[in-house]
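Protein chains in written order, with this note's numbering: chain A, 45 to 476; chain B, 23 to 447.
1) Mark residue 293/B as exposed unless 16 or more other C-beta atoms lie within 10 angstroms of its C-beta, in which case mark it buried.
2) Against chain A, with Cβ distances strictly below 8 angstroms, would residue 288/B count as a contact?
3) Given a cut-off of 8 angstroms, decide if residue 162/B and residue 195/A are closer than it, judged by their beta-carbon atoms.
4) Please check if any C-beta of chain A sits within less than 8 angstroms of the C-beta of residue 93/B.
5) Distance cutoff 8 angstroms, beta carbons only. Does residue 192/A sit that close to anything in chain B?
6) Can you find the residues in the same chain that come closer than 6 angstroms, C-beta to C-beta, to residue 27/B, ignoring five residues on each side of it along the sequence?
7) Counting pairs of beta carbons, one from the region 250–268 of chain B and one from the region 75–90 of chain B, are three or more of them closer than 8 angstroms?
8) According to DSSP, what are the bridge partners of residue 148/A?
9) So for residue 277/B, helix, strand or coil by DSSP?
10) For the alpha helix (DSSP H) containing residue 72/B, list its first residue and its last residue.
11) What does residue 406/A reach in chain B if we use C-beta pairs closer than 9 angstroms?
12) Which residues in the same chain as residue 328/A place their Cβ atom closer than 8 angstroms to its Cβ, once the five residues preceding and following it in sequence are excluded?
13) In the DSSP output, what is residue 366/A paired with across the bridge?
14) Of all the options 81/B, 127/B, 84/B and 71/B, which has the alpha carbon lying nearest to the alpha carbon of residue 46/B?
15) The region 34–63 of chain B: which residues have C-beta closer than 8 angstroms to a C-beta of chain A, in chain order?
16) Which of the residues in the region 118–133 of chain A, read from start to end, lie with their CB under 7 angstroms from any CB of chain B?
17) Note down, in chain order, all residues in the region 322–349 of chain B with a beta-carbon under 8 angstroms from any beta-carbon belonging to chain A.
18) Under a CB-based cut-off of 8 angstroms, is residue 441/B close to chain A?
19) For the region 291–306 of chain A, which residues have a CB atom closer than 9 angstroms to at least one CB atom of chain B, in sequence order?
20) Beta-carbon within less than 8 angstroms of residue 191/A's beta-carbon, same chain only, minus the 5 sequence neighbours each way: which residues are those?
21) So residue 416/A contacts chain B; which residues on that side make the cut at Cβ distance below 7 angstroms?
22) Answer yes or no: does any C-beta atom of chain B fall closer than 8 angstroms to that of residue 454/A?
23) In whole angstroms, what separates the C-alpha of residue 436/B from that of residue 188/A?
24) With a threshold of 16 other CB atoms inside 10 Å of the CB of residue 260/B, please say whether the residue is buried or exposed.
25) Could you tell me which of 196/B, 100/B, 160/B and 207/B sits nearest to residue 149/B, measuring between CA atoms?
26) In the DSSP assignment, what residue or residues form a beta bridge with residue 283/B?
27) Are residue 209/A and residue 306/A touching if we call contact CB-CB under 8 angstroms?
28) Would you mind giving the Cβ-Cβ distance between residue 70/B and residue 152/B, rounded to the nearest angstrom? I have them listed as a contact below 8 angstroms.
29) So what does DSSP say about residue 371/B, is it helix, strand or coil?
30) Please confirm if residue 100/B has its CB atom under 8 angstroms from at least one CB of chain A.
31) Could you check what DSSP says for residue 296/A in three-state terms: helix, strand or coil?
32) On the criterion of 16 or more Cβ atoms from any shown chain inside 10 Å, does residue 465/A qualify as buried, or is it exposed?
33) Which ranges does the alpha helix (DSSP H) cover as unbroken runs of at least 4 residues, wholly within the region 109–152 of chain B, from first to last along the chain?
34) Should residue 265/A be labelled buried (16 or more other beta-carbon atoms within 10 Å of its own) or exposed?
35) Pair every Cβ in the region 290–308 of chain A with every Cβ in the region 101–109 of chain A, then say whether three or more of these pairs are closer than 8 angstroms.
36) What whole-angstrom Cβ distance do residue 419/A and residue 83/A have, given they're in contact under 8 angstroms?
What follows is the structure, encoded as structure tokens:
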């Protein structure tokens, strides 16, 4: 087992790659009573066209299958896995994102027992036509729940506006029609292709003894057999750089319009230190333009164009990236116009002032130091960073070194009129 | 856990030194009996105090200064618990020792003092333009509940099951009461909060207990105060047994409200905690296992115990046509518990989960403060072992008794305008 020290942060990370290819990371945290374990595969909703482990031809599977598979992992021949976790006092959960699927639990006692449950249930698939069909009603209701959430619709509508072909524009849960096509055989194909240990990371953080834990994990893994796994081949259609739709809207039963401005990234083929630096730079640039200390914020706040729902964010994964700035607003068009005006200033004026950038860097460093109190944050973020060959604990030193030029350069990748889109959710005309 | 001293009559300071966190956390809580008018005023007040103060008169200046203090988080918030309205000032700052700069903590304490005692006044009153803007923010916060159908349905159920009662009074008051606020009335509410509220001050982090106590006693010069009597809340009961409302939406939101005579702090309180866990509190519970896993009726289906008001809420998102079936399945689960159909496994799972939840909550600074703050009202030293012992003693017969005392008072169903038909779009 290797150890990696982060002196400034007073943390030691333990790492070992097992013979079956599984990467295991263990981070002991003093003073905590709980342990949080995540078991994550680099497989998400965007992985819809790929070469299956036993096949030679590319196949395209029904939309929403990664999420469907996540649901179905919990059901076994002899019942529901939640039952076992509950018996040993563990809160278990799972989630599917665009790029990964994570299974996790936290518990204060019986950590080894719960780790065993986690490893075993994720590595022992059990799918039948009957259980698959039963799940369609449950996931159908999950899809309906999201369909009724205007905040979700405006977020997703903006993403749909931005992308022509990239599957990030497809809802993670799919649609009621697409999930209806899913069969047990599909699930096995996806499972066998993407749940090989070499495509997965196990991360353990909290009240844990690293030597005892790694011994336990190795023992568990050595009892299981896995085929040699070839490199996974995924296929993505070419995605034009510019947005697909400039502006669209939909109507819902809401009291106030909701609006998002999306800025599609021209550059998303990054990984490692380069990606870390790029991502942090764009985030700092966004904060400088749209943060609560900005002139923009003061203006839209004082003119009543925003409320407490106002937010902005930058997301980047291998193959796609975008910034979003949005709010509920009585005048969504005016808000969008001012956002774009502010964005376009970057090309004409010197908006990233050294003093403001230094202040925001300090804020960002403070954010990471606070976040390291949260073992949930560490576990979830660490794995995301890892899958992109970045290291979460490098964030603070990287921020310290960022310059105004770094921020200008990175921000340039989301500039340009062709990258800009607006999506609105408008109230229905007839109100009760 | 925390060591407590009274720094003025009605003002307590609770400090806990701990190396567990990389930050220092402060939480200052002002409490007053809950009424709609006070809730509205104090909600706007917390927004106005969050916006600016006498030293940083523009919001952007205030935010910039917080950024400079390594992104110190500082916010005022309004909430309620039982019959109290609470304004809280939460502050979290990085621990100096992880930085080259070691003056941050003193600067933060100065800023807390400024934010509380040096408001942004013009002619001894809050600035009218800021008050008007923040009134609008709070009004929009209240209105935005309509757009979140689950929260809206929950709010409607509480209004129906306990009208004009703390259980249904919002921590933000009401739109009408917010509209009535003037800079003058808000300034009055400010002085009343600072000088008359019951106050609890919490500090948690790797701090020198004596030194921080001295600094805070000097910085936070609150005067003595007397307890404020509670108003006579009228007896409140459900105004309607069944309500169906329509909006343009796909899913049906089923919200059921039950009452129980058992409240937080009663002898039977631990029994009700276990009851709720078995009924619908967890993924192993009867409601989850039957509504979702057996019948595939829903993605979410659960119960929650609102212990301060003696209410149990059951919520589920379903296909509108399945309304009756879902209600029947939920009621069957309660009947099963009344009949004693409760397994050892369900009991053990629930006890394990409750213990784990409480221990986990103590792993966050905010969790430690909130748990200590809530349980101190019981007048005993809080310990996890005490609660584990209480849960251990709960039997199936106890749960049968709890189930028998539960009374379904109101069902609220929010669904699409063409209920039961295909509403895809």
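We treat Cβ as the ideally placed atom computed from N, Cα and C, and that holds for glycine.
None of these values were measured; they are calculated from a predicted model.
Per the coordinate set shown:
1) Buried, since its Cβ has 16 or more Cβ neighbours within 10 Å.
2) No, its Cβ sits nowhere closer than 8 angstroms to a Cβ of chain A.
3) No.
4) At least one chain A Cβ lies under 8 angstroms of residue 93/B.
5) Closer than 8 angstroms: yes.
6) Leaving aside the five residues that flank residue 27/B on each side, the residues in its chain whose CB is nearer than 6 angstroms to its CB run, in chain order, 35.
7) Here the region 250–268 of chain B does not lie against the region 75–90 of chain B, with fewer than 3 beta-carbon pairs under 8 angstroms apart.
8) 82/A and 137/A.
9) Three-state result, residue 277/B: strand.
10) In this chain, the alpha helix (DSSP H) harbouring residue 72/B covers 58–73.
11) Residues of chain B passing the Cβ test: 89, 90, 91, 92 and 93.
12) Same-chain partners within the cutoff: 401, 404, 405, 408, 443, 446 and 451.
13) Answer by DSSP bridge pairing, in chain order: 308/A and 359/A.
14) That would be 127/B, whose Cα lies nearest to the Cα of residue 46/B.
15) Taking 8 angstroms as the Cβ-Cβ cut-off against chain A, the residues of the region 34–63 of chain B that qualify are 40, 41, 42, 43, 44 and 45.
16) Cβ contacts with chain B: 124, 126, 127, 130, 131, 132 and 133.
17) The region 322–349 of chain B vs chain A, Cβ under 8 angstroms: 322, 339, 340 and 341.
18) Legend: pLDDT at residue 441/B = 44, less than 50; position of this residue unreliable, no value from coordinates given.
19) Within the region 291–306 of chain A, the residues whose Cβ lies closer than 9 angstroms to some Cβ of chain B are 294, 295, 296, 297, 298, 299, 300 and 302, listed in chain order.
20) Answer for residue 191/A: 197, listed in chain order.
21) Below the 7 angstroms Cβ cutoff, chain B contributes 44 as neighbours of residue 416/A, in chain order.
22) Taking Cβ atoms only, chain B never reaches closer than 8 angstroms to residue 454/A, which makes this a no.
23) One C-alpha to the other measures close to 14 angstroms.
24) Buried, because 16 or more other Cβ atoms sit within 10 Å of the Cβ of residue 260/B.
25) If we check each option's Cα against that of residue 149/B, 207/B comes out closest.
26) Within the DSSP bridge table, the entry for residue 283/B names no partner.
27) No.
28) Contact flag correct, Cβ pair sits at about 6 angstroms.
29) Helix.
30) No, residue 100/B lies away from the interface with chain A (no Cβ there is under 8 angstroms from its Cβ).
31) Here residue 296/A sits in strand by DSSP.
32) Looking at its Cβ environment, which holds 16 or more other Cβ atoms inside 10 Å, residue 465/A is buried.
33) You should have 126–139.
34) Burial is judged here by how many other beta carbons sit within 10 angstroms of a residue's own beta carbon; residue 265/A has at least 16 and is buried.
35) Counting Cβ pairs under 8 angstroms, fewer than three are found: no touch.
36) Taking a contact as a CB-CB distance under 8 angstroms, the pair residue 419/A and residue 83/A does not count as one, their CB atoms being some 15 angstroms apart.
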